[in-house]
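Heads up: the sequence lines are chains A and B, in that order.
With my numbering, letter number 37 in the first sequence gets 82, and the count goes up by one each step, no holes.
With my numbering, letter number 114 in the second sequence gets 159, and the count goes up by one each step, no holes.
Every residue, glycine too, gets a C-beta built ideally from N, C-alpha and C.
These figures come from a predicted structure and were not determined experimentally.
Notes for the one structure printed next.
There are 2 protein chains.
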Amino acid sequence: MDGFDRRLQQLLASAAKVFAERGYHGASMRDVARASGMSLAGIYHYVRGKQELLFLIQDRCFAAVIAGARGAVGAEATPVDRIRAFIRHHILFFAAHMDEMKVLAHEEEELSGTMRAQVRARKREYVNLLLGLLDGVPGPRVSRRVAAYALFGMMNWIYTWYHPTGAIPAAQLAEEIAALFLGGYAEPALPATSRLVASHGG
Amino acid sequence: MDGFDRRLQQLLASAAKVFAERGYHGASMRDVARASGMSLAGIYHYVRGKQELLFLIQDRCFAAVIAGARGAVGAEATPVDRIRAFIRHHILFFAAHMDEMKVLAHEEEELSGTMRAQVRARKREYVNLLLGLLDGVPGPRVSRRVAAYALFGMMNWIYTWYHPTGAIPAAQLAEEIAALFLGGYAEPALPATSRLVASHGG
DNA sequence: TTGGAATTCGAACGTTCGTTCGGGAGCCCC
DNA sequence: GGGGCTCCCGAACGAACGTTCGAATTCCAA
């Protein structure tokens with residue numbers, strides 16, 4: 046990674062922060078310039094325009110999420126464990142990259158043309174990854190598609206209320222959301238956490 | 046309701062549609078004028094400015110949701126049934142008022158001053174309503190606060206993917222989300238839908 | 001030391017923004 | 001029939017927007 050790429054990364058990080066705070070349309074290029082320590086005109090040396098700023102944030106963020114999720118899922122043996130790993134990775138990544146993930150979740154429809162198509166393709170890939178995991182669970186209690194979008198809703202909505210530095214550690218949040226989802230989607234009697242086993246065993 | 050209020054309602058409905066399509070900051074007052082059939086200047090006879098347009102949409106929508114939820118919840122006897130009624134009402138209302146609810150969910154942070162405070166108070170009231178319902182469930186499997194925000198995430202996220210005129214009726218969507226949430230939050234062995242009862246009964 | 005590419009920026013461009021202004025219809029009550 | 005409302009709009013305002021341009025500065029290989 047040469048100097049150009051490093052400076053571009055700084056710029057994208059600053060832009061993500063500004064976009065997360067004020068929204069894409071609510072933020073101005075002058076805001077980005079101020080936050081990044083660059084001049085207004087200097088930004089255009091690294092980026093073709095405001096829309097490319099948003100595109101690069103979303104595209105790189107999606108690429109990192111997908112790669113990380115594949116790695117996390119691949120290390121697990123059972124379908125339920127793979128789903129739990131998927132959820133844990135998504136939440137931990139979200140908590141570690143709040144600005145970028147908020148921009149990814151909140152500014153979905155602001156791109157146009159080729160950039161829009163490319164980010165949409167990434168999203169489809171990520172959704173399909175989860176749908177494939179859900180397929181492995183026997184006897185689901187709700188439809189796969191609704192379950193997938195409901196899960197993404199639970200997870201992505203955290204940008205409206207969750208603060209990584211607050212009272213709830215991200216790992217705990219991930220476990221609770223995984224328990225909530227798996228308890229509702231998968232068949233009852235999960236070996237580890239279910240109190241069903243305990244009550245029937247006693 | 047006199048003529049002024051009726052015309053204002055039309056204006057707010059048009060504005061909600063425009064804000065839902067292009068986002069609050071991405072939409073211009075000229076867009077609102079075009080959509081409502083009014084002139085640009087004519088809008089200011091009904092509203093003090095763009096921000097009041099957003100405020101009135103959100104405030105009235107929240108008031109209707111809260112009132113409707115109270116009515117739906119009050120008709121049920123058990124804690125779980127009250128939660129199910131809450132979810133069903135939220136989803137059905139969402140599907141029936143997509144534009145307004147998308148604006149409510151997506152443009153949360155765009156108000157300022159007194160208007161922001163008033164909408165936030167409404168939101169707090171609505172969240173507290175759900176938290177109270179969750180309190181009635183014995184032996185919850187995840188923390189109340191996380192469960193509440195996760196449920197709102199599932200429900201509000203539908204504006205990113207759900208189309209009321211599509212293949213999934215709103216009532217079915219509501220049942221699936223209720224089953225997903227209650228299966229994960231409440232204790233197992235729900236009398237109505239659980240396949241646990243069936244398998245143990247057979 | 002020098003030439004050229006990479007990097008940076010002040011200043012300005014044309015456009016669009018939210019809002020305002022002054023006035024013109026339509027209407028009702030005195 | 002005239003004064004005072006409500007309702008509505010064309011035109012314009014100043015500000016802010018994304019972007020561009022020409023030049024200054026920095027940097028490194030020759």
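Three-way DSSP call (helix, strand, coil) for residue i in this model
i                : result
His3 (chain A)   : Outside the shown range of chain A (46 to 247) lies residue 3 (chain A), about which nothing can therefore be said.
Ile213 (chain B) : coil
Tyr89 (chain A)  : helix
Leu18 (chain B)  : Look at the range of chain B in this structure, 46 to 247, and you will see that residue 18 (chain B) is not part of it.
Arg165 (chain A) : helix
Tyr69 (chain A)  : coil
Pro236 (chain B) : Summary for Pro236 (chain B): the model assigns pLDDT 46, below 50, so the residue's position carries little reliability; its value from the coordinates is reported in the next sentence. Looking at Pro236 (chain B) - three-state DSSP - the assignment turns out to be coil, as it is neither helix nor strand.
Gly184 (chain A) : coil
His142 (chain A) : coil
Ala224 (chain B) : helix
Ala120 (chain A) : coil
Ser84 (chain A)  : coil
Ala195 (chain B) : helix
Ala231 (chain B) : coil
Gly94 (chain A)  : coil
Asp47 (chain B)  : coil
Exposure of residue i, with buried meaning 16 or more beta-carbon neighbours within 10 Å
i                : result
His135 (chain B) : buried
Ala112 (chain B) : exposed
His151 (chain A) : buried
Arg127 (chain A) : buried
Ala130 (chain A) : buried
Ala72 (chain B)  : buried
Asn173 (chain B) : exposed
Phe64 (chain B)  : buried
Ser81 (chain A)  : buried
Phe197 (chain A) : buried
Gly229 (chain A) : buried
Leu227 (chain A) : buried
Leu85 (chain B)  : exposed
Arg186 (chain B) : buried
Ala212 (chain B) : exposed
Ala78 (chain A)  : buried
Spatially closest choice to residue i from the options, by CA coordinates
i                : options                                : result
Ser157 (chain B) : A:Arg67, A:Phe139, A:Ala80, A:Ile222   : A:Arg67
Gly177 (chain A) : A:Arg167, A:Gln163, A:Lys168, A:Ala193 : A:Ala193
Glu170 (chain B) : B:Val191, B:Phe107, B:His208, B:Gly71  : B:Phe107
Ala44 (chain A)  : A:Ala61, A:Asn173, A:Phe139            : Because residue 44 (chain A) is not part of the residues shown, which for chain A are 46 to 247, the question remains open.
Phe100 (chain A) : A:Thr210, A:Tyr204, A:Ala162, A:Leu196 : A:Ala162
Leu225 (chain B) : B:His70, B:Leu149, B:Arg133            : B:Arg133
Arg105 (chain B) : B:Arg93, B:Gly116, B:Val164, B:Tyr91   : B:Val164
Glu145 (chain B) : B:Tyr204, B:Val125, B:Leu179           : B:Tyr204
Trp202 (chain A) : B:Val191, B:Leu56, B:Ala166            : B:Val191
Val92 (chain B)  : B:Val118, B:Asp50, B:Ser188            : B:Asp50
Pro124 (chain B) : B:Gln54, B:Gly184, B:Gln217, B:Gln55   : B:Gly184
Lys147 (chain B) : B:Glu221, B:Asp47, B:Gln55, B:Tyr69    : B:Tyr69
Ala219 (chain B) : A:Leu56, A:Glu121, A:Ser188            : A:Ser188
Ala109 (chain A) : A:His142, A:Ala231, A:Leu53            : A:His142
Leu179 (chain A) : A:Glu154, A:Arg167, A:Ala231           : A:Ala231
Against chain B: residues of the region 193-207 of chain A by CB proximity under 9 Å: So the list reads Tyr194, Ala195, Leu196, Phe197, Gly198, Met199, Met200, Asn201, Trp202, Ile203, Thr205, Trp206, Tyr207, given in the order they occur along the chain.
Chain A contacts from the region 178-189 of chain B (Cβ-Cβ distance under 9 Å): Gly184, Arg186, Val187, Ser188
Interface positions of the region 70-99 of chain A facing chain B (Cβ-Cβ less than 7 Å), listed along the chain: His70, Gly71
Against chain A: residues of the region 211-230 of chain B by CB proximity under 9 Å: Ile213, Gln217, Leu218, Glu220, Glu221, Ile222, Ala224, Leu225, Phe226, Leu227, Gly228, Gly229, Tyr230
Where the region 139-165 of chain A meets chain B: residues whose CB sits under 9 Å from a CB there: Answer in chain order: Ala150, His151, Glu152, Glu153, Glu154, Glu155.
Residues of the region 57-69 of chain A with Cβ closer than 7 Å to any Cβ of chain B, in chain order: Under the 7 Å Cβ criterion, the region 57-69 of chain A contributes Gly68.
Positions along the region 105-122 of chain B whose CB lies within less than 8 Å of some CB in chain A: none
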